[in-house]
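Number 160 in the numbering used here belongs to position 160 of the sequence shown; there are no gaps in the numbering. Just so it is clear, CB atoms sit at the ideal spot from N, CA and C, and this is done for glycine as well. Quick caveat: nothing in here was measured; it's all calculated off a predicted structure.
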Amino acid sequence: MGKPNGWIIYNGNSTHEKFYNLVKWIDTVAHEKGLETELIKNNELVVSMENGKSIIKGKHEGKALPDFVIFWDKDIYLAKHLEKMGLKLYNSASAIEVCDDKALTHQALADNSVPMPKTVIGPKVFYKVSSLENYENIADEIGFPMIIKEAFGSFGQQVYLIQNYDEMIEKVKEIGNKPHLFQEMIESSYGKDVRLHVVGGKVVASMLRTSEVDFRANVSNGGKMHRYTPSEAEKQLAIHASLAVGASFAGVDLLFGPNDEPIVCEVNSNAHMKNIFDCTGIDVTEYIIDFILEDLQNR
């Protein structure tokens, strides 16, 4: 039996060099550990349905399918299509879909009794907000200050700190028909959180992020990274959250509750690894590839 071969799928329309550098990093580690992998842009694979079957056309039409796919994109339609064709994806299409949509994330966490900020999913808006009659109920439920998050967003973007009802209504009108949610502000965690990387049900790396200039601690927003040893409660919660969304590996962000109890903020199925490598020297990519190798051997 030859080496397992796989595709590493990434977004072909991304203009950020850091995204390509990340998948190239994964590809390099995979080859070092004995896998035959190929970098594939999502738009190279033409998603097609013909004669009652899901097939792939385009550049890879007629070629042998891989043994597995490392799906480093958020093209959910493509991910589900590949699974319909019988391919094993890391992470699964379902896990990526749930993590990409913050509303679905918190529903999945709630279904599994995972501690998180009080959350209200914003009502569906088709074109623009034309009725404000029920937003007072949301304000009463969450209180101020509150956090409004667009359901789709990365690196702490599309997350807003709201101080009062007028600001809330202004932001709701600005967001318009984009899905969003309302959350209580965990003031005890203002400008700080913990990122834990979970792989195969184990915490393999962690760091503390702090900001002196923003309520968000994301490094992309000016936050600073610090080495951090998580408590057993933090590790178990991160693992629980990862399992709740069905992820084989994930970056789990935890907030500090009023008594320093951990609270889940977000779960990222395609968490970037460079920052935590720069902070700790731990290469999470190696753990991911080792997990995939073991999983393939056990199939």
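{"Query": "Using CA coordinates, which residue listed in 286, 260, 248 and 127 is at the minimum distance from residue 174?", "Result": "127"}
{"Query": "Please look up how many angstroms separate the CB atoms of residue 219 and residue 209, rounded, as I've assumed it's under 8 angstroms.", "Result": "6 angstroms"}
{"Query": "Could you tell me the distance, in whole angstroms, from the CA atom of residue 226 to the CA atom of residue 130?", "Result": "45 angstroms"}
{"Query": "Report back the beta-carbon spacing between residue 247 and residue 95 to the nearest angstrom; my notes put them in contact at under 8 angstroms.", "Result": "4 angstroms"}
{"Query": "Any idea which residues DSSP pairs residue 49 with across the strands?", "Result": "54"}
{"Query": "When the Cα atoms are used, what is the spatial distance from residue 318 to residue 139?", "Result": "No statement about residue 318 is possible, as the shown extent of the chain runs from 1 to 299 and does not include it."}
{"Query": "Taking only three categories from DSSP, how would you classify residue 297?", "Result": "helix"}
{"Query": "By DSSP's criteria, residue 197 is part of a beta bridge. Which residues make up the other side?", "Result": "205 and 251"}
{"Query": "How close, in whole Å, do the beta carbons of residue 192 and residue 256 come, if the pair is a contact with beta carbons under 8 angstroms?", "Result": "6 angstroms"}
{"Query": "Step through the CB atoms of chain B and report whether any lies within less than 8 angstroms of the CB of residue 112.", "Result": "The chain labelled as chain B is not found in the depicted structure, where only one protein chain is given."}
{"Query": "Assign residue 85 to one of two classes, buried (16 or more other C-beta atoms within 10 Å of its C-beta) or exposed (fewer than that).", "Result": "exposed"}
{"Query": "For residue 213, does the count of other Cβ atoms within 10 angstroms reach 16, so buried, or fall short, so exposed?", "Result": "exposed"}
{"Query": "Candidates 19, 40, 145 and 122: which alpha carbon is nearest residue 69's?", "Result": "40"}
{"Query": "According to DSSP, is residue 128 helix, strand or coil?", "Result": "coil"}
{"Query": "So residue 37 is in the beta strand (DSSP E); what residue range does that whole segment cover?", "Result": "36–41"}
{"Query": "Identify the residues that DSSP records as bridge partners of residue 227: which are they?", "Result": "207"}
{"Query": "Taking 8 angstroms as the limit between beta carbons, can you name the residues of its chain near residue 228, skipping five residues before and five after?", "Result": "194, 206, 207 and 208"}
{"Query": "Quick one: Cα of residue 137 to Cα of residue 292, how far?", "Result": "47 angstroms"}
{"Query": "Judging by CA-CA distance, which residue of 168, 74, 52 and 38 is the nearest neighbour of residue 60?", "Result": "38"}
{"Query": "Indicate the three-state DSSP secondary structure (helix, strand or coil) for residue 18 in the structure shown.", "Result": "helix"}
{"Query": "From what residue to what residue does the alpha helix (DSSP H) around residue 277 run?", "Result": "274–280"}
{"Query": "Taking only three categories from DSSP, how would you classify residue 65?", "Result": "coil"}
{"Query": "From residue 42 to residue 277, what distance separates their C-alpha atoms?", "Result": "27 angstroms"}
{"Query": "What are the boundary residues of the alpha helix (DSSP H) that includes residue 104?", "Result": "102–111"}
{"Query": "Let me know if residue 49 comes out buried or exposed under the rule of 16 or more other beta-carbons within 10 Å of its beta-carbon.", "Result": "exposed"}
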